[in-house]
Every structure is written in C-alpha cells, then in structure tokens.
Amino acid sequence: MEATRSGGGANVFKLAIIGGGPAGIGILVRAARLGYLPALLEQGVLMIHSGPVESVGTGNLGEYIINSNTFAKSLVSSVLEEKPELDPPESIHGTFLEPLSAHPAAKRLMDAGNATIGLSELGKFLAAVGGVARLEMLKYPASSTCLVHTTAVQVERVGSQCKITTKTSGASKCYFAEHVALAMGGKQEMPPPDLLPTVYHGKTWLSDNVLRDAGRVALADVLAKAKDKKVCIVGGSHSAFSVAWTLLHKMPSSSSSSPSLFHAKDITMLHRVPVRCYYGSKKEAEADGVVVDKIDKCGSVNTFTGLREDAKALYRAIEANKEARVRLFHLKKPNCPVQTQAYDHATAIVWCCGYGTNMIPIVDIDATPMAFSQSSRGGAVEVDLKGRLMRGASREPIDWLFGIGVGFSLRAAFDEMRTETRADGVTVYHRRGATLILAALFGHAIYGADCTTFEQMVEKCERRRKDDKTKDDTTTSSSKIPRPAETKRLAKHVDESTSPPATPSCSRLKEKSPSTATSIAKRASPHGGSSTTMTLSRVKNTSFVAAAPSPNRRLQGREPTTTTGPPMLRRSSFGDMRRHTSHSSLRIDVAAPSGATAVASVRSCGKPTRLSVAGGAKEAIQGIRSARCGNNQQGSDKKQQPVVVHVESS
1 MEATRSGGGA
11 NVFKLAIIGG
21 GPAGIGILVR
31 AARLGYLPAL
41 LEQGVLMIHS
51 GPVESVGTGN
61 LGEYIINSNT
71 FAKSLVSSVL
81 EEKPELDPPE
91 SIHGTFLEPL
101 SAHPAAKRLM
111 DAGNATIGLS
121 ELGKFLAAVG
131 GVARLEMLKY
141 PASSTCLVHT
151 TAVQVERVGS
161 QCKITTKTSG
171 ASKCYFAEHV
181 ALAMGGKQEM
191 PPPDLLPTVY
201 HGKTWLSDNV
211 LRDAGRVALA
221 DVLAKAKDKK
231 VCIVGGSHSA
241 FSVAWTLLHK
251 MPSSSSSSPS
261 LFHAKDITML
271 HRVPVRCYYG
281 SKKEAEADGV
291 VVDKIDKCGS
301 VNTFTGLRED
311 AKALYRAIEA
321 NKEARVRLFH
331 LKKPNCPVQT
341 QAYDHATAIV
351 WCCGYGTNMI
361 PIVDIDATPM
371 AFSQSSRGGA
381 VEVDLKGRLM
391 RGASREPIDW
401 LFGIGVGFSL
411 RAAFDEMRTE
421 TRADGVTVYH
431 RRGATLILAA
441 LFGHAIYGAD
451 CTTFEQMVEK
461 CERRRKDDKT
471 KDDTTTSSSK
481 IPRPAETKRL
491 AKHVDESTSP
501 PATPSCSRLK
511 EKSPSTATSI
521 AKRASPHGGS
531 STTMTLSRVK
541 NTSFVAAAPS
551 PNRRLQGREP
561 TTTTGPPMLR
571 RSSFGDMRRH
581 TSHSSLRIDV
591 AAPSGATAVA
601 SVRSCGKPTR
611 LSVAGGAKEA
621 IQGIRSARCG
631 NNQQGSDKKQ
641 QPVVVHVESS
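With the first letter of the sequence shown counted as 1, position 350 gets the number 350 in UniProt numbering; the numbers rise by one all the way through.
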C-alpha cells in the first residue's frame with residue numbers, strides 16, 4: 001500500500017487515528033467487541049504512533065508509579081469479558097482479543113480481582129492488547145497500516161478529506177483520510193503568573209513528573225538536602241492525592257531511625273473546589289456523612305469526579321485526623337494569606353491542576369488555523385456528547401474531527417439532573433469514547449436497537465438488567481410455593497380424623513441423629529420394637545425445657561407411663577415424598593411427676609387440651625441448647641421431678 005496519497009479520492013483511509021496509546025487502541029478494541037472490526041479495517045484505518053512498537057497500546061501509562069483507581073478485574077473485563085446479554089451484544093470470540101485471555105498479564109489482573117493494581121502492571125496488559133491489535137491491522141495491507149516512530153505534524157482540511165502530514169526520521173509524508181481521531185494524550189505546563197507568581201516557579205514541580213519514577217527520585221534528592229522538608233500540593237483532584245500518597249509511601253526515609261521522610265504538618269494541600277469521593281450507592285455515601293443531592297442512573301455518587309481507592313483512603317484518613325503529616329486547606333478566594341504562607345515555607349510546590357491537550361495545528365479548508373473550545377484557559381480541549389471537537393467561538397461541532405483520551409474533556413450526561421460532567425479513565429475511553437467515534441462511521445446501529453445516542457444505549461441496557469433481575473427474583477419466589485398437585489399429594493397422607501389442620505405456629509419434631517443423641521437412652525420395648533427415653537424439666541409456665549444433660553452421662557432407663565390414644569402425627573422432609581410418620585405406630589408418652597396431670601395424647605400438629613410437648617418444642621429445643629452450655633438452674637430445680645418423654649416405634 002502506497003504511503004503517500006493524492007487528494008484525488010482514491011485509496012483514502014476511512015479513519016486516521018493519531019496516537020497509539022490506550023485511547024487510540026481502544027477504538028479497535030471496541031470495534032472488535034461489537035463485530036465491526038473487519039469492516040473497519042477493510043474500509044481503511046491509519047494509526048500513527050510516535051513511540052516504539054513496544055509502546056503501542058500503553059503509551060506512557062506504564063511509567064507511573066501509583067496504583068489504579070479502578071479494580072484490576074474491571075480493567076481487564078472491559079476488554080475481554082463476554083457480554084451477550086447486552087444490546088448490542090459484546091464478544092471477543094473469533095477476534096484478535098480472544099488469545100489474550102491466556103496472557104500472563106491478563107491473568108495477573110484477574111487474580112487481583114476487586115483490588116487495585118499498579119499502573120505498571122496495567123501497562124503490560126495494554127501493551128499486549130496493542131501488540132495483537134497492530135498485528136491484526138497488518139493483515140489488511142491493502143487498506144490499513146500502523147506507523148511507529150512517526151509523528152503527525154499537521155492536519156489540513158482539503159475538500160471533503162483530511163490531509164495528514166507526518167514525519168519519520170526527518171522525512172515527511174502525507175496521508176488522506178475521511179475522519180481524524182486525535183488521541184495524543186495530555187500534557188502539563190507551568191501555571192501562568194496570575195495563578196502562581198513566577199517567583200515560585202523555581203521550586204515548582206508538575207504532578208505528572210512526580211508520579212513517574214525519574215521525577216520522584218529527583219524530588220527526593222532535593223528534599224534530602226533541605227533542612228525543612230515542607231511540600232505544598234496545589235489541587236484537590238485525584239492527581240493531587242496521588243502525589244500526597246507517593247510522598248508518604250514512595251519516598252526514602254531521611255534516616256534509619258525514622259520510617260518516613262515527613263513529620264507532622266510537613267505536607268500542605270491547597271484546593272479551591274470541594275473534594276468529592278466516589279460511592280457505589282446513596283446509602284454508602286450517607287453512611288460516610290455525605291449529603292447526597294444527586295446520583296447517576298446506576299445509583300452511584302460522583303461516578304466520574306470522585307476520589308477512589310488509595311486517594312479516597314488518604315483523604316478520609318486526613319479528615320479523620322489519622323494522618324497528621326498532611327494538612328488540608330479549602331481556599332475560598334485566591335491569594336489569601338494561607339496560600340502565600342504555604343508557598344513561602346515550602347521546599348517544593350507540586351502543581352496538580354489538571355492536564356491540557358497535546359495538540360497539533362489543525363488547518364481549516366480556507367487555510368486558516370482552527371481554534372477550539374477549551375474547558376479553561378490552557379485546559380483540555382472540549383468535545384461534545386458525540387465526541388466531536390467544537391469551534392472556539394461558536395462551539396459548532398466539527399463532524400470529521402474527534403478527540404479521545406486524557407487530553408480531551410469528554411462529557412457525560414449521566415446523572416439524574418442531566419448535567420454534563422467530565423469522564424476519564426481507560427474503561428471510559430474503550431467504551432464511551434470509542435463507541436462515539438464508531439457511531440460516526442457506521443451509524444446508529446452501533447448503539448443497538450431503538451437507540452440514537454450513547455446515553456439511550458446505557459439506559460436501555462440498565463433497564464434490561466433490572467428487568468432480568470426482577471424476573472429472576474419472581475421466578476425464585478414462585479418456585480418456593482407448592483404446586484396444586486403437590487399439595488394434594490401431601491394432603492392425602494394426613495389422617496384428618498386424628499389430626500386437626502396444621503397452624504402456622506405448629507412446631508415440628510426432628511429426629512435425632514445418632515451422633516447427637518447423647519442424652520437419650522434406648523431399651524427394648526414390650527411390643528417388640530425399641531423405645532427411647534428423654535428427660536425434660538417442668539417450668540412454671542407449663543413449657544418443657546430439657547434437663548441439663550452431661551456429655552459423659554446418659555439418662556438411665558426410666559419406666560415411662562404408657563398412654564392410650566391415637567398415634568401422633570409427625571412431619572418430616574425426605575425429598576419429594578414428604579413422608580408422614582403417622583404411617584408407623586410412633587407415639588410420644590409423657591410420664592408426669594407426682595401431683596401433675598398427665599396428658600392423654602399429644603400430637604405434633606394441632607393444639608392439645610392442656611400440656612403440649614409438641615407445642616413447646618421450640619422451648620424444649622432452646623432448653624436443650626442452653627443446657628449443653630451449662631445448667632444454671634440445676635440447683636433450684638432439684639426438688640422437681642423430671643418429665644420423661646417416651647418415644648416408641650416398631
């Protein structure tokens with residue numbers, strides 16, 4: 001495939017992706033999961049990556065020394081998990097992603113499960129994803145290609161096409177594409193003088209440098225030589241608390257006698273916007289003392305803007321006065337005395353106020369440079385809800401130019417108030433950002449049936465999930481209700497002439513297993529069967545509580561008082577048969593102590609005339625359990641005769 005193109009319209013790429021990091025490669029991942037990758041690569045994809053081939057898919061992510069703010073399992077499942085229940089369904093079967101399930105990096109993330117993992121480990125997994133994605137592109141040499149060690153220097157609109165000028169080892173080439181996706185990442189710059197006076201710039205560090213190993217080592221050397229190891233962190237976002245966490249956990253100690261480089265109040269954090277934390281539910285947030293005024297469609301709080309994992313844990317420790325080395329100040333106005341004092345006394349200032357966009361010149365069709373809408377001065381370039389860049393003055397979306405990744409302020413109309421908020425993260429780029437770009441290429445079919453936006457697709461899948469859960473709950477509940485045929489089968493086993501209908505409070509006597517019948521004595525029955533004797537103690541409220549049995553002593557054979565009357569009906573669970581013990585000659589006889597009135601017949605179901613062993617089964621069982629732990633009433637009950645329950649069966 002000839003690299004240099006003319007503007008004649010022949011062999012023009014469908015999509016040019018400038019940047020081969022996590023966001024850029026996410027477009028190919030999403031296309032594969034939705035089944036659109038073959039069609040996309042046949043129409044033509046040009047990927048331009050400035051780094052070496054080994055960094056395709058990971059970019060600079062693996063260089064950071066902090067942990068992820070998302071569970072390790074969710075990071076890998078967003079790439080490899082099968083989701084046939086969604087609309088549209090997502091699958092990796094038969095795609096270049098399928099072999100990655102056995103990759104060691106993927107297994108390490110899955111083994112970590114619902115825990116954070118170092119970004120260096122995540123980088124290894126994304127590098128594996130990028131490697132196989134690049135090989136998949138090379139299977140379509142007539143229409144697609146992936147360039148490495150190549151820098152895009154300009155994008156120019158020419159007619160209905162985009163002319164991309166690149167440079168490789170000093171040589172320039174031009175390529176043409178219908179659409180361009182910018183995925184070149186973000187950058188940090190020194191703040192302007194009105195935000196941070198230039199007098200402090202000499203001791204100011206950028207958070208992006210401190211969060212990498214080279215920057216951490218350089219800052220540690222500066223602090224080691226300083227008498228006062230004071231650090232001022234400016235910002236209240238995730239990167240600010242990540243810097244604080246790095247200072248506390250990744251800096252070498254100044255002496256062997258001290259486990260930490262810092263002491264009480266050595267680290268000062270200044271923030272203007274209130275600090276927010278992520279919570280999975282409103283209930284969880286309120287339990288943490290947070291007043292919740294809005295939640296997203298899934299019931300979460302501060303889904304995209306809240307602190308998570310290590311950063312959240314550190315913030316909560318500071319607020320609870322459990323981390324004395326860090327002080328937190330919420331500044332209500334700029335250039336206040338607290339801010340000036342913190343700057344003056346700090347050995348180092350770490351600026352953690354977000355990322356701008358790595359941009360290249362974009363030239364309009366009239367040969368004039370294009371200006372774009374930004375979230376703030378020097379901040380990230382904004383994109384609309386379809387992932388398109390917008391013109392600076394009019395905020396008019398540009399249909400052929402997209403932005404994805406940390407350098408672009410991707411918006412998410414996702415909370416119940418329908419307000420827009422910025423959404424960032426690898427899983428966000430692989431799902432939301434990539435889907436928006438694919439929808440521009442293939443139409444609304446990307447969103448599944450009856451959907452024209454990403455938000456509608458999310459709401460549809462959420463409704464389906466809730467409906468399926470409700471259906472499963474209903475099925476589970478209905479399975480517990482006996483069917484009419486089963487009820488009739490059970491009813492015919494009941495001898496209605498001798499047993500009244502069972503009541504909800506009716507107790508069931510359960511047969512003792514041989515291993516637990518230590519307080520029961522067996523002897524021969526005069527009827528040729530066997531008999532079992534059990535001793536119960538009488539209490540004043542006519543309930544029966546078992547006398548305290550000793551593990552080393554069994555009750556010796558007491559002569560039971562035999563009564564006459566209909567056999568006792570007892571229920572038991574034996575599979576589907578639900579065998580009723582009234583089919584045998586099982587009887588419970590009560591030998592009452594002298595002066596007590598004996599019960600002529602006791603049934604397991606129904607209400608007896610006076611004294612009920614079955615009716616007091618619950619109390620008896622509780623008494624047996626209490627007696628095993630020691631009979632506290634043994635001394636006071638010595639004068640009472642025990643009640644002997646005789647169970648006889650043939």
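Idealized CB from N, CA, C, for every residue including glycine.
This one's a predicted model, so the numbers in the text were calculated from it and none came from an experiment.
*Measure the C-alpha to C-alpha separation of R432 and F454 and round it to an integer number of angstroms.*
Approximately 7 Å, taken between the alpha carbons.
*Just to confirm, are K163 and C174 a CB contact at a threshold of 7 Å?*
C174 is positioned such that its CB atom lies closer than 7 Å to that of K163.
*Quick one: is M251 buried, meaning 16 or more other Cβ sit within 10 Å of its Cβ, or exposed?*
buried
*My understanding is that V234 touches L247, with C-beta atoms under 8 Å, so please give their C-beta distance in whole angstroms.*
Between V234 and L247 the beta-carbon gap is near 14 Å, outside 8 Å, which marks them as no contact.
*Could you check the C-alpha separation between S507 and T474 for me, to the nearest Å?*
Below a pLDDT of 50, predicted positions are generally treated as unreliable, and S507, at 42, falls in that range; the measurement from the model is reported next regardless. For S507 and T474, the distance between alpha carbons rounds to 29 Å.
*alpha helix (DSSP H) containing P274: first to last residue?*
That residue, P274, is in no alpha helix (DSSP H); it is neither H nor E in DSSP.
_By DSSP's criteria, H330 is part of a beta bridge. Which residues make up the other side?_
DSSP, once it has assigned bridges, lists H271 as partnering H330.
*Taking the C-alpha atoms as reference points, what is the distance between residue 721 and V153?*
Nothing about residue 721 can be reported from this structure: the residues present for the chain run from 1 to 650 only.
*By a C-beta neighbour count over all protein chains shown, 10 Å radius and 16 as the cutoff for buried, is C146 buried or exposed?*
buried
*Roughly how many angstroms separate the alpha carbons of R391 and A320, rounded to a whole number?*
46 Å
_Distance check for A105 and F176, CA to CA, integer angstroms please._
36 Å
*Nearest-angstrom Cα separation, counted from P89 out to K460*: 13 Å
*asked:* As a quick exercise: from F304, C277, S300, M269, pick the residue whose alpha carbon is nearest that of A324.
replied: M269
*asked:* Taking the alpha-carbon of L196 as reference, which of L441, Y343, Q456 has the nearest alpha-carbon?
replied: Y343
*asked:* Going by DSSP, what residue range makes up the alpha helix (DSSP H) through S242?
replied: 238-249
*Mind the definition here: the stretch 51-58 touches the stretch 215-226 only if three or more C-beta pairs lie below 8 Å; say whether that holds.*
no
*First and last residue of the beta strand (DSSP E) that includes E136?*
Run containing E136: none in the beta strand (DSSP E); it sits in the alpha helix (DSSP H), 119-137.
_DSSP three-state assignment for S144, whether helix, strand or coil_ = coil
*Provide the residue span of the alpha helix (DSSP H) that contains G403, from first to last.*
Per DSSP, G403 belongs to no alpha helix (DSSP H); it is in the beta strand (DSSP E), 397-403.
*Can you give the Cα-Cα distance for Y64 and T470, rounded to whole angstroms?*
43 Å
*Name the two residues that bound the continuous alpha helix (DSSP H) containing E85.*
Element bounds for E85: n/a, residue is neither H nor E.
*For R276, which of D288, S160, K14, L211 has the nearest alpha-carbon?*
D288
*Just to check, is the beta-carbon of A240 closer than 6 Å to a non-hydrogen atom of the ligand GDP?*
Only the bare structure without any ligand can be found here, which leaves the ligand GDP out of the picture.
*Stretch-stretch touch, CB-based, cutoff 8 Å, three pairs: the stretch 92-102 with the stretch 111-124*: no
*Specify the secondary structure class of Q456 as computed by DSSP and reduced to three states.*
helix
_Exposure of N358, with buried meaning 16 or more beta-carbon neighbours within 10 Å_ = Under this definition N358 is a buried residue.
*asked:* Are the CB atoms of V210 and V350 within a distance shorter than 7 Å?
replied: yes
*According to DSSP, is L182 helix, strand or coil?*
strand
*Just curious, the alpha helix (DSSP H) that T151 is in, first and last residue?*
No alpha helix (DSSP H) contains T151, which is instead part of the beta strand (DSSP E) from 151-158.
*Taking all protein chains shown into account, do 16 or more other C-beta atoms lie within 10 angstroms of the C-beta of C451, making it buried, or fewer, making it exposed?*
With 16 or more Cβ atoms within 10 Å of its Cβ, C451 is classed as buried.
*asked:* Determine whether the beta carbon atoms of T347 and A226 lie at a separation below 7 Å.
replied: yes
*Please go through the same chain and pick out, in chain order, the residues whose beta-carbon is closer than 7 Å to the beta-carbon of A439, but skip the five residues on each side of it.*
I446, Y447
*How about I48 and M184: are their beta carbons less than 7 Å apart?*
no
*Looking at C-beta atoms only, is the number of pairs between the stretch 277-285 and the stretch 307-319 that lie closer than 8 Å three or more?*
yes
*Is the CB-CB distance between G62 and G113 below 7 Å?*
no
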